[in-house]
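Under my numbering, the residues of the sequence shown are numbered 1 to 279, in order. Built from N, CA and C at the ideal position, the CB exists for glycine as well.
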Amino acid sequence: MQVKVVIGTIAFMLTMIILGFAALREPARLEEFTLAYEGRSIENGARLFQNNCATCHGVNGKAEECYDSAGNVVGCKGLPLNTASLLCGDKPSRMVTLGWEGTKGNFVQNTIAAGRVGTVMPTWSAQFGGPMRDDQVGDVAAFVLNWESDAMCGVEAVVFEWPDSVDDFLADYAGDAANGEGLFLTYACSGCHGDLGTAGSNAVGPWLGEIAVIGGDRIAGTSAAQYVYESILHPNDFIAPDCPNGPCLSPSAMPPNFAERMSANPQDLADILSLLLGE
Ligand code: HEC
Ligand code: HEC
Numbered sequence: 001m002q003v004k005v006v007i008g009t010i011a012f013m014l015t016m017i018i019l020g021f022a023a024l025r026e027p028a029r030l031e032e033f034t035l036a037y038e039g040r041s042i043e044n045g046a047r048l049f050q051n052n053c054a055t056c057h058g059v060n061g062k063a064e065e066c067y068d069s070a071g072n073v074v075g076c077k078g079l080p081l082n083t084a085s086l087l088c089g090d091k092p093s094r095m096v097t098l099g100w101e102g103t104k105g106n107f108v109q110n111t112i113a114a115g116r117v118g119t120v121m122p123t124w125s126a127q128f129g130g131p132m133r134d135d136q137v138g139d140v141a142a143f144v145l146n147w148e149s150d151a152m153c154g155v156e157a158v159v160f161e162w163p164d165s166v167d168d169f170l171a172d173y174a175g176d177a178a179n180g181e182g183l184f185l186t187y188a189c190s191g192c193h194g195d196l197g198t199a200g201s202n203a204v205g206p207w208l209g210e211i212a213v214i215g216g217d218r219i220a221g222t223s224a225a226q227y228v229y230e231s232i233l234h235p236n237d238f239i240a241p242d243c244p245n246g247p248c249l250s251p252s253a254m255p256p257n258f259a260e261r262m263s264a265n266p267q268d269l270a271d272i273l274s275l276l277l278g279e
């Protein structure tokens with residue numbers, strides 16, 4: 001799901017650029033597109049849920065409060081969905097109980113699409129004779145999955161203490177450039193910085209194909225590795241001179257929250273550094 005959203009976002013950005021819109025220079029833009037896309041899907045899913053699912057699963061998915069189409073209180077026939085056993089962790093306990101091997105997203109989406117044979121849980125996807133298109137099944141699944149919360153799952157937000165020195169960081173995390181290539185896409189670096197192999201393919205930020213060399217000249221006494229590391233974690237500490245449409249703007253148009261987003265997976269930054277620095 002996440003990957004699809006990111007790919008969708010990139011495709012959308014490229015279309016905007018081709019159409020000649022300059023709007024993409026703003027900082028929070030990319031993040032906003034992603035959130036807006038997810039937001040619309042969840043919102044649409046909420047409507048579908050109230051109209052089709054709440055009679056059995058309850059208005060808040062807890063199988064506590066159910067009404068029939070006339071608005072009378074009825075007993076809930078479905079299981080709770082807004083619950084830790086279905087939503088918490090990569091392998092929630094319901095998946096384990098039912099022996100489901102795929103991802104949690106697939107588990108929820110497929111159950112909705114195909115229903116549960118032998119129970120009153122209906123089939124929803126038109127593929128299996130149900131009333132919904134697959135995008136609608138996807139939206140309602142996104143709505144259900146969105147009930148997952150740190151509070152419900154008892155998770156504390158991960159905060160990684162990024163070392164000041166890139167050498168200290170890389171001493172703990174060895175980078176993998178090949179993996180970095182995929183991450184350069186999924187974090188949408190390429191959406192702004194273009195293709196590393198093609199000078200001039202950058203739309204918003206500087207082209208990074210030669211950053212391993214020129215990065216060492218940006219700040220006196222700072223190595224290219226240290227510079228790139230800091231550029232990603234703290235884009236506003238130093239503004240690069242040249243962006244494709246003139247001098248780079250301050251504050252930086254680069255999202256300021258990679259330090260936070262990569263906290264759960266510091267390895268991602270090591271892989272991206274390896275890709276950019278060719279080490
Ligand atoms: C007529 C009642 C009914 C309706 C309407 C209904 N469900 Fe269900 N649903 C059930 C029942 C009963 C189960 C449990 C089946 C079982 O025992 O395995 C279930 C199971 C599920 C599960 C799997 C839960 C688990 O823990 O295994 C999901 C997800 C789900 N429903 C989503 C939905 C969505 C989304 C809708 C609306 C598009 C919907 N259901 C509409 C009755 C219903
Ligand atoms: C929304 C657009 C955008 C995204 C997404 C983005 N950047 Fe940037 N980036 C910029 C801009 C604009 C600059 C120049 C301003 C500055 O120095 O912060 C920049 C600067 C940089 C620099 C310094 C370049 C130089 O020539 O000095 C590096 C390194 C960098 N970005 C890496 C990344 C990486 C890696 C990612 C993905 C994890 C990423 N950026 C995502 C827009 C973006």
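Which of helix, strand or coil DSSP assigns to Tyr309: No answer is possible for residue 309: it lies beyond the span of the chain, which begins at 1 and ends at 279.
Start-to-end residues for the alpha helix (DSSP H) that takes in Lys104: Counting from one through the sequence shown, the residue named residue 104 turns up at place 104. Where Lys104 is concerned, the enclosing alpha helix (DSSP H) stretches over 104-114.
Could you tell me the alpha carbon to alpha carbon distance between Pro163 and Phe169, rounded to whole angstroms? As a working note, residue 163 is residue 163 in the sequence shown. As a working note, residue 169 is residue 169 in the sequence shown. Distance between the alpha carbons of Pro163 and Phe169 is about 6 angstroms.
Take Asn265 and list the residues in its own chain whose beta-carbon comes closer than 8 angstroms to its own, dropping the five residues that flank it on each side. Stepping through the sequence shown from its first residue, residue 265 is reached at position 265. Closer than 8 angstroms at Cβ, skipping near neighbours: no residue.
If we ignore side chains and look at the alpha-carbon of each, how far apart do Thr186 and Ala259 end up? Counted from its first residue, the sequence shown places residue 186 at position 186. Counted from its first residue, the sequence shown places residue 259 at position 259. Those two C-alpha atoms are separated by around 15 angstroms.
Relative to the alpha-carbon of Met321, which residue among Gly45, Gly246, Pro244, His234 has its alpha-carbon at the smallest distance? With the chain covering 1 to 279 only, the question about residue 321 has no answer from this structure.
Of the listed residues Trp147, Ala199, Leu277, nearest to Gly105 (C-alpha basis): As a first step, residue 105 is located in the sequence shown; it is residue number 105 there, counting from the start. Nearest option by C-alpha distance: Trp147.
Taking 7 angstroms as the cut-off, is the CB of Asn52 close to at least one heavy atom of ligand 1? Here residue 52 corresponds to residue number 52 of the sequence shown, with the count starting at 1. For ligand 1, at least one heavy atom lies less than 7 angstroms from the Cβ of Asn52.
Can you round the beta-carbon distance between Met254 and Pro235 to whole angstroms, since I take them to be within the 8 angstroms contact cut? Looking up residue 254 in the sequence shown gives position 254. Looking up residue 235 in the sequence shown gives position 235. At roughly 4 angstroms, the Cβ-Cβ gap stays under 8 angstroms, so Met254 and Pro235 are in contact.
Which word fits Arg40, buried or exposed, when buried means at least 16 other C-beta atoms lie within 10 angstroms of its C-beta? Looking up residue 40 in the sequence shown gives position 40. Classification of Arg40: exposed, given that the 10 Å Cβ count is below 16.
Closest Cα partner of Cys88 within the set Val108, Gly78, Asp167, Val74: Counting from one through the sequence shown, the residue named residue 88 turns up at place 88. Minimum Cα distance to Cys88 is reached at Val108.
Do you know whose CA, among Ile272, Leu48, Arg261, lies nearest Ala157's CA? Counting from 1 along the sequence shown, the entry for residue 157 is found at position 157. Of Ile272, Leu48, Arg261, the residue nearest in Cα terms is Arg261.
Using 7 angstroms as the cut-off, classify the Cβ of Ala178 as near or not near the heavy atoms of ligand 2, replying yes or no. Mapped onto the sequence shown, residue 178 falls at position 178. No, the Cβ of Ala178 stays beyond 7 angstroms of every heavy atom of ligand 2.
Taking the alpha helix (DSSP H) that Val166 belongs to, which residues open and close that run? The count along the sequence shown starts at 1 and reaches residue 166 at position 166. Where Val166 is concerned, the enclosing alpha helix (DSSP H) stretches over 166-172.
Please state whether DSSP places Cys243 in a helix, a strand or coil. For this step, residue 243 is matched to residue 243 along the sequence shown. The answer is strand: DSSP assigns Cys243 an E or B state.
Using the Cβ count rule (16 or more neighbours within 10 Å means buried), how would you classify Gly197? Indexing the sequence shown from 1 puts residue 197 at position 197. Exposed, since its Cβ has fewer than 16 Cβ neighbours within 10 Å.
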